[in-house]
Amino acid sequence: MPETTVVYTHGHHESVLRSHSWRTAQNSASYLLPYIKPNMHILDIGCGPGTITLDFATLVGPTGHITGIEPSPGDVLTQARETAASRGITNVEFKIGNIFALEEMFRNRKFDIVHVHQVLQHIDRERVSEALMQMRAVTKSGGIVAVRETDFAAMTWFPVSGGMTEWVDTYQLVARANGGEPNAGRRLVSWALGAGFTRDEITTSAGTWCFSTPEEREWWSRLWADRTLSSNFKTTALKSGLVDEEKLNRIADTWTEWGKSEDGWFAILNGEIICRVD
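Numbered as in the UniProt record's numbering, the sequence shown ends at 278 without a single skipped number.
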């Protein structure tokens, strides 16, 4: 099977991991929590620094097990393993793995839950249903495939500014140039149907993140200003020829100014699906 050539728009710069490490099962997978039971085996694809993964490990208990995978070696898996050790969590493993090769990787294993969070938006948009088929193939009968994805076009903020609109428009262009689909949240049902799930096997919901307190605004605005100027986003944006240094600096300044707004408010809509495997 050919490897995907899509570039991860964010990369694993410190500013990106700052955001990923904030995520927990409660603030990023609450729609899935009612389905998690003791003794379950869960596969977490695109686990990053493992904060959601490790929360899952505590929920399944000592007789359950969690496997987290990332597509390439790097410090992020080392960080995940170190965090697991510091928390004394032993029913978890972190491995290199590709979403398009799950059947091959887990030839003799199947999971009660196969989960992705903010992953499908970054893979080849023409192959998302194929990825979901791979997820389904390594899920036990009676198990579930769970997905949560942001929808960038559905993000909303205040104060309204041309600079923030320029940011989201630029992000969409760069993400698509990298091969991904930044408005993934609204497409989850369509992709699941393309993977062979029937409509009555799919449960849908939506979850939100909101940043508005002074502390939240400072954290979120600084994070995005740093991403714009220092992460893989800058590298791929410049390489695509869609932006120049001047535009990136202007976008970073816009984020800094938004963070100073006392009435600042930023909300993110995430699409969520639970797909039952018969």
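Glycine included, each C-beta is placed from N, C-alpha and C at the ideal position.
Assign residue i to one of two classes, buried (16 or more other C-beta atoms within 10 Å of its C-beta) or exposed (fewer than that).
i, result
"S205", "exposed"
"G143", "buried"
"T24", "exposed"
"R109", "exposed"
"V160", "exposed"
"I273", "buried"
"A192", "buried"
"L32", "buried"
"T236", "buried"
"E104", "exposed"
"G74", "exposed"
"N249", "exposed"
Skipping 5 residues on each side, what residues in its chain have a beta carbon closer than 7 Å to that of residue i?
i, result
"R81", "F94"
"D112", "M40, H41, I42, K140 and G143"
Measure the alpha-carbon distance for residue i versus residue j and round it to whole angstroms.
i, j, result
"A29", "E246", "37 Å"
"P214", "F266", "12 Å"
"T198", "V119", "22 Å"
"H65", "D263", "44 Å"
"H41", "G162", "47 Å"
"T67", "D278", "22 Å"
"S130", "S261", "What sits at residue 130 in the sequence shown is Glu, not Ser. For E130 and S261, the distance between alpha carbons rounds to 43 Å."
"R148", "S212", "22 Å"
"C275", "L188", "10 Å"
"S240", "G61", "46 Å"
"G48", "W22", "11 Å"
"T203", "G196", "15 Å"
"A175", "R227", "14 Å"
"F233", "A225", "11 Å"
"L54", "A153", "31 Å"
"W45", "I52", "Looking at the sequence provided, one finds Ile at residue 45 rather than Trp. Their Cα atoms are separated by approximately 11 Å."
"V6", "I36", "At V6 the pLDDT is 49, less than 50, meaning the model places this residue with poor confidence; the figure from the coordinates comes in the next sentence. About 32 Å."
"E70", "R186", "24 Å"
"N91", "F158", "43 Å"
Per DSSP, residue i is paired with what?
i, result
"E272", "R148 and S205"
"N183", "D151"
"D44", "G68 and H115"
"T83", "Bridge partners of T83: none, in fact."
"V92", "I66"
"A267", "T156 and C210"
"T139", "F111"
Near residue i, which residues of its chain fall below 6 Å by C-beta distance, leaving aside the five closest residues on each side in sequence?
i, result
"G259", "R217, E218 and S221"
"C210", "A267"
Considering only residues of the same chain and omitting the five flanking positions on each side of residue i, which have a CB-CB separation below 8 Å?
i, result
"T208", "A267, I268, L269 and N270"
"M155", "V168, F266, A267, I268 and L269"
"D244", "L238"
"T58", "I89"
"L242", "T170, L173, V174 and A177"
"T256", "S221, R222 and A225"
"E166", "K247, R250, I251 and T254"
Less than 8 Å between the CB atoms is what I'm expecting for residue i and residue j, so what's the real figure, rounded?
i, j, result
"T139", "V116", "Wrong, their Cβ atoms sit about 12 Å apart, outside the cutoff."
"I251", "T170", "7 Å"
"F106", "R127", "Actually they are not in contact, since the Cβ atoms of F106 and R127 sit about 19 Å apart, beyond 8 Å."
"A177", "Q121", "Contact flag wrong, Cβ pair sits at about 14 Å."
"L164", "T254", "Residue identity check: residue 164 is Met in the sequence provided, not Leu. That belief holds up - the Cβ atoms of M164 and T254 are roughly 6 Å apart, short of 8 Å."
Should residue i be listed as close to the ligand HEM, given that the test is whether its C-beta is under 8 Å from any heavy atom?
i, result
"I144", "Of the ligands one can find in the structure shown there are none, so the ligand HEM has no counterpart to examine."
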